[in-house]
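Peer 1: For reference, the structure I am asking about is given below.
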Amino acid sequence: MTSEGLCEDCTAALDSAPGSTPTPAPAGSSAPAPAATQAAPEAPAPVSTPAAAPAPVSTLTPPPVPAPGPVLRAPVVLSYVVITMLAVVALTDLARTAAAAHIRGLMEDVGAHTEDELYSGELFMAGSLTAYVIALLTTGVFFVIWFHRTRVNAGALRPDLQRRGSGWAIGGWIIPIGNLWLPRSVAGDIWDASLPDYGQGGKGSSHALLNSWWALWLVSALAGRIAGSSYDGADTPDAISTAAAVVMVGNLIDIVAALLAIAVVHRLTVMQHRKISGAVPSVALPQSGQQV
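The opening residue of the sequence shown carries number 1 in the working numbering; numbering runs sequentially from there.
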């Protein structure tokens, strides 16, 4: 029997009925232990990724990087400058020739002319000579630059035909005695390398234009020295007149040499321009190691 006067079975039935209030446990009785809380699942252990094997170290030596070859560039614009300067040299030669002819006229009858007229004749002669020297030196600078550029191109087009390094295109002009033939030798190699069919059974390998220009260049240089020394040493009207005639001859030779130089510059530049631009196929040969 319980404290309320009900048997234990009746009390259990009342507690299980719907809407009934559970009967509190009597004092001194122990409550049943709550069910143990379910443990949370453990996180999966991280999967270890094996370390990548180190890349094998190559023991082979990489091939050397070839040095860049010379840049092919036809000196078209530079040739225009050189041709223009050569024309200026020819014009100063004409001015010198006119001055020498004027001096000859004065010397034929010195007494018929005043001192002012004689002085003006000498001033005309000296001024034309100064203009010629300035034009010649300026032309020489541009010509050597153009000449070296064509030699660099020739070394790339046909290195097998170049007997000397590209530095000789500059140094050959300033070496005493050697400047009488070294530039012509370099020019011949450049000419052959620029020909469209050299060494392929074709024609056009003649050096007639080169030889004519170089011969006239040497003759004009010699004639200029002779004319200058004879005019400076003349001290009589007859001697001055004769020296002026020598100057006129030297100037005419120099004019022809300048015209031939213009033809050489134009012809060589055109040949290289056609070959570099692909209008004329060039022979593919490896660049030979040559010292400048």
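Ideal Cβ positions, reconstructed from N, Cα and C, are used throughout, including at glycine.
Which of the three DSSP states, helix, strand or coil, is assigned to P319?
Peer 2: As displayed, the chain neither begins before 1 nor continues past 292, which places residue 319 out of reach and without an answer.
Peer 1: Should V89 be labelled buried (16 or more other beta-carbon atoms within 10 Å of its own) or exposed?
Peer 2: Position 89 of the sequence shown holds residue 89. Classification of V89: buried, given that the 10 Å Cβ count is 16 or more.
Peer 1: Is DSSP giving R163 helix, strand or coil here?
Peer 2: Position 163 of the sequence shown, counted from the first residue, corresponds to residue 163. R163 falls in the coil class under three-state DSSP.
Peer 1: Taking all protein chains shown into account, decide if P75 is buried (16 or more other Cβ within 10 angstroms of its Cβ) or exposed.
Peer 2: Position 75 of the sequence shown, counted from the first residue, corresponds to residue 75. Burial call: buried.
Peer 1: Just the Cα atoms here: how many angstroms apart are L259 and L86?
Peer 2: By 1-based counting over the sequence shown, the position of residue 259 is 259. By 1-based counting over the sequence shown, the position of residue 86 is 86. In a straight line, the C-alpha of L259 is about 8 Å away from that of L86.
Peer 1: Could you check the C-alpha separation between A223 and V77 for me, to the nearest Å?
Peer 2: Numbered from its first residue, the sequence shown carries residue 223 at position 223. Numbered from its first residue, the sequence shown carries residue 77 at position 77. Cα to Cα, A223 sits roughly 32 Å from V77.
Peer 1: Candidates S206, A156, W168 and A131: which alpha carbon is nearest A95's?
Peer 2: By one-based count along the sequence shown, residue 95 stands at place 95. Selected option, being the one with the closest Cα: A131.
Peer 1: Quick check: what's the CA-CA separation for A100 versus D189?
Peer 2: Locating residue 100 in the sequence shown gives position 100, counting from the first residue. Locating residue 189 in the sequence shown gives position 189, counting from the first residue. One C-alpha to the other measures close to 39 Å.
Peer 1: Quick one: what's got a C-beta closer than 6 Å to P183's C-beta in the same chain, skipping five residues either side?
Peer 2: Sequence index remark: in the sequence shown, residue 183 carries index 183 (1-based). G172 and W173.
Peer 1: Report, in whole angstroms, the separation of the C-beta atoms of L106 and G121, which I expect to be a contact under 8 Å.
Peer 2: Taking the first residue of the sequence shown as 1, we reach residue 106 at position 106. Taking the first residue of the sequence shown as 1, we reach residue 121 at position 121. Indeed, because the Cβ distance is near 5 Å, the residues count as touching under 8 Å.
Peer 1: Out of T92, V82, R158 and T84, point me to the one whose CA is closest to L252's CA.
Peer 2: Taking the sequence shown and counting its residues from 1, the one referred to as residue 252 is at position 252. Looking at the Cα atoms, T92 is the closest of the given residues.
Peer 1: Quick check on DSSP: helix, strand or coil for L94?
Peer 2: Looking up residue 94 in the sequence shown gives position 94. L94 falls in the helix class under three-state DSSP.
Peer 1: On a Cα-Cα basis, can you pick out the residue from G228, A98, I177 and W191 that is closest to S206?
Peer 2: In the sequence shown, the residue the question calls residue 206 occupies position 206. S206 has its Cα closest to that of W191, out of G228, A98, I177 and W191.
Peer 1: Report the three-state DSSP secondary structure of G278 (helix, strand or coil).
Peer 2: Here residue 278 is taken as the residue at index 278 of the sequence shown, counted from 1. Of the three classes helix, strand and coil, the one that applies to G278 here is coil, per DSSP.
Peer 1: Quick one, are the C-beta atoms of V186 and R164 less than 8 Å apart?
Peer 2: Here residue 186 refers to the residue found at position 186 when the sequence shown is read from its first residue. Here residue 164 refers to the residue found at position 164 when the sequence shown is read from its first residue. Yes, they are a contact pair.
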